[in-house]
Amino acid sequence: MQTIEINTSQNVIIRYELAGVMYRLISYLLDVVIIAIGVAIQSLLIRGIFSFDYVGELLAIMLVPQVVFYSLFFEIIWSGQTPGKRIMKIQVVKMTGEQASWGDYFLRWALKPIDIMFSFGSIGVLSISSTKFAQRVGDIAANTTVIKLIPKYDISLNDILKLSDRSNYEPMFPQVTSLNDEYVLALKEVKERTKNYDNQVNQKLYKEIVDDLIERLEIKRNELKFRNKDEFVSKIIDDYVSLTR
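Going by UniProt numbering, the sequence shown opens with residue 1, and the numbers climb by one from there.
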């Protein structure tokens, strides 16, 4: 399974699974179907309304730009998603973790003929399959990739709390409901990352996110009765899952 680590707005690292050839192919085919349906409906309507000799030219003027700029238009207004990508829950992102710009989407779109059309998809498939971050030529040029957005937070967070009867569980920090899934999952990710790779950089990051957490929840440090950061973070996660699930 190919993954990529991306910094969130909280300056913590989240690991995302990359969208492979199959996911991207299905999303592309879904977009083709959507385009075909849209073209067919508009053609029927126009031909039903107008009957002059140049109706074909009118259709071309109306429909060709829609087909050509379809993916570019939707990726710009939907932040890296087309209807097909939304259905498949995948999204274009920058390798740096930032949201891609209009220029990035344009560059991906401009190189799509090389990846898909001129090579019947072979270059795109080969590039996605062989590169470390599942990038087609357009992605490499724009420094982007495509990640899966399949909801994992509910599963991951629900699995954290192993309680046979939640009614007996007593949360210590009710204010954790002000957090969100992304933040709590990032907290869990940093905790596990520091445990697995205990180095100075991860320890510093762990301390920073715990300090941020204490400040966000307005917790008085002298009231904390935990032996270490891990116990505190585990309690926060358990409280969050218990109160929001």
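For glycine and all other residues, C-beta sits at the position ideal for the given N, C-alpha and C.
None of the values given here were measured: they were computed from a predicted structure.
{"Asked": "Cut-off 6 angstroms between Cβ atoms - residues of its own chain near I155, not counting five sequence neighbours on either side", "Found": "Annotation note: pLDDT 45 at I155 (below 50); position unreliable, coordinate value reported separately. Same-chain partners within the cutoff: there are none."}
{"Asked": "Neighbourhood of E98 by C-beta, 8 angstroms cutoff - its chain only, sequence neighbours within 5 removed", "Found": "none"}
{"Asked": "4-residue-minimum alpha helix (DSSP H) runs that sit fully inside the UniProt domain \"RDD\" (18–143), ordered along the chain", "Found": "21–49, 55–77, 83–88, 102–110, 122–130, 137–142"}
{"Asked": "P171 versus I219: straight-line alpha-carbon distance, rounded", "Found": "14 angstroms"}
{"Asked": "Sub-8 angstroms separation of F50 and L58 beta-carbons", "Found": "yes"}
{"Asked": "Cα-Cα separation, G121 to W102", "Found": "24 angstroms"}
{"Asked": "Rounded Cβ spacing between A142 and R108 (contact assumed at less than 8 angstroms)", "Found": "5 angstroms"}
{"Asked": "Beta-carbon contacts of Y153 that lie in its chain and below 7 angstroms, excluding the five residues immediately before and after", "Found": "Residue confidence is low: Y153 scores 46 on pLDDT, short of 50, so the model does not pin down where it sits. Its coordinate-derived value is still stated next. Around Y153: D181, L185."}
{"Asked": "Collapsed DSSP secondary structure at K225 in the structure displayed", "Found": "coil"}
{"Asked": "Under 8 angstroms between C-beta atoms of L187 and V241", "Found": "no"}
{"Asked": "DSSP bridge partner residues for T148 (one or two, in chain order)", "Found": "The residue you asked about is not Thr; residue 148 is Lys in the sequence shown. Bridge partners of K148: I90."}
{"Asked": "Straight-line Cα distance separating I4 from I209", "Found": "21 angstroms"}
{"Asked": "Element boundaries [alpha helix (DSSP H), containing T177]", "Found": "Note, T177: premise wrong, no alpha helix (DSSP H); not H, not E."}
{"Asked": "Local conformation of E231 per DSSP, three classes", "Found": "helix"}
{"Asked": "T144 and D115 closer than 8 angstroms at C-beta", "Found": "no"}
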